[in-house]
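*Asks:* Can you keep this structure in mind? I'll have questions shortly.
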Amino acid sequence: MDRRTFLLQAVTASFVTGVASQVSATSYFFQPAVDQLLFDGINRVKDHAKKTGLEKSHSPAILAPISAKSGEPFTVEIMVGENLHPMGPSHWIEYIELSIGNEPAGRLEFQSRGFMKPKAVFTIAIPKDAAPSGKITLVARQRCNLHGLWESSADISIT
1 MDRRTFLLQA VTASFVTGVA SQVSATSYFF QPAVDQLLFD GINRVKDHAK KTGLEKSHSP
61 AILAPISAKS GEPFTVEIMV GENLHPMGPS HWIEYIELSI GNEPAGRLEF QSRGFMKPKA
121 VFTIAIPKDA APSGKITLVA RQRCNLHGLW ESSADISIT
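Numbering follows the UniProt record's numbering, with no gaps: position 156 of the sequence shown is 156.
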């Protein structure tokens with residue numbers, strides 16, 4: 001191979017590599033098109049038997065015991081999505097919050113860097129007078145910068 005052919009191939013390969021990396025970086029650092037209808041209200045899973053891809057990746061999953069004793073602490077784990085939602089500079093989870101009925105219980109905020117995973121663990125204790133019917137509803141909410149506010153709930157018996 002002569003010098004001219006080698007240089008031509010090297011320059012061409014460098015150019016192609018540069019363009020390919022620029023295209024992949026663009027989707028990583030710049031926001032893709034956003035469906036504005038997702039920001040009109042609170043998004044929830046419509047059919048738990050047939051979740052869409054968006055519902056699988058954005059609906060908060062609540063891991064909590066089925067029942068708890070009043071006054072004793074227990075943990076509630078909230079994950080964003082069945083598989084943890086990816087975090088990056090152009091697509092991230094802003095926060096996860098937990099409410100007991102309408103009462104706020106905790107909130108965890110995330111940065112858009114991608115170092116954190118959208119998962120939160122809260123330790124709570126429910127007094128007997130807070131659950132006169134013997135049941136409480138845990139409500140988890142999370143906000144995605146591209147796909148809006150998502151909510152899930154779970155009922156727990158308090159004995």
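Built from N, CA and C at the ideal position, the CB exists for glycine as well.
Measuring alpha carbon to alpha carbon, tell me which of Tyr95, Leu7, Gly134 and Met1 ends up nearest His147.
*Replies:* Among Tyr95, Leu7, Gly134 and Met1, the Cα nearest to that of His147 belongs to Tyr95.
*Asks:* For Thr75, does the three-state DSSP call read helix, strand or coil?
*Replies:* DSSP places Thr75 in strand when its eight states are reduced to three.
*Asks:* Cutting at 6 Å between CB atoms, please list the residues of its own chain near Glu151, excluding the five before and the five after it.
*Replies:* Answer for Glu151: Ile42, Arg44 and Arg141, listed in chain order.
*Asks:* State the DSSP-derived secondary structure class of Ile52, mapped to helix, strand or coil.
*Replies:* The displayed chain sequence assigns Thr, not Ile, to residue 52. Looking at Thr52 - three-state DSSP - the assignment turns out to be coil, as it is neither helix nor strand.
*Asks:* Suppose contacts are defined by Cβ-Cβ distances below 9 Å. Is His48 in contact with Cys144 by that definition?
*Replies:* Cβ atoms of His48 and Cys144: not closer than 9 Å.
*Asks:* Report back the beta-carbon spacing between Pro65 and Ala125 to the nearest angstrom; my notes put them in contact at under 8 Å.
*Replies:* Pro65 to Ala125, Cβ: 12 Å. No contact.
*Asks:* I need the DSSP call for Gln9, collapsed to helix, strand or coil.
*Replies:* Three-state result, Gln9: helix.
*Asks:* Quick check on DSSP: helix, strand or coil for Lys117?
*Replies:* If DSSP states are grouped into helix, strand and coil, Lys117 belongs with coil.
*Asks:* Apply the 10 Å Cβ neighbour rule to Phe6 and answer buried if 16 or more other Cβ atoms are within range, or exposed otherwise.
*Replies:* When all chains shown are included, Phe6 counts as exposed.
*Asks:* Nearest-angstrom Cα distance between Asn83 and Asn102?
*Replies:* Computed Cα separation, rounded: 27 Å.
*Asks:* Rank Leu138, Met1 and Gly134 by C-alpha distance to the C-alpha of Ser157 and give the top, closest one.
*Replies:* Among Leu138, Met1 and Gly134, the Cα nearest to that of Ser157 is on Gly134.
*Asks:* Do Val76 and Phe122 have their CB atoms nearer than 9 Å?
*Replies:* Yes, these two residues count as a Cβ contact at 9 Å.
*Asks:* In the structure shown, what three-state DSSP assignment does Phe15 receive?
*Replies:* Reduced to three states, the DSSP call for Phe15 is helix.
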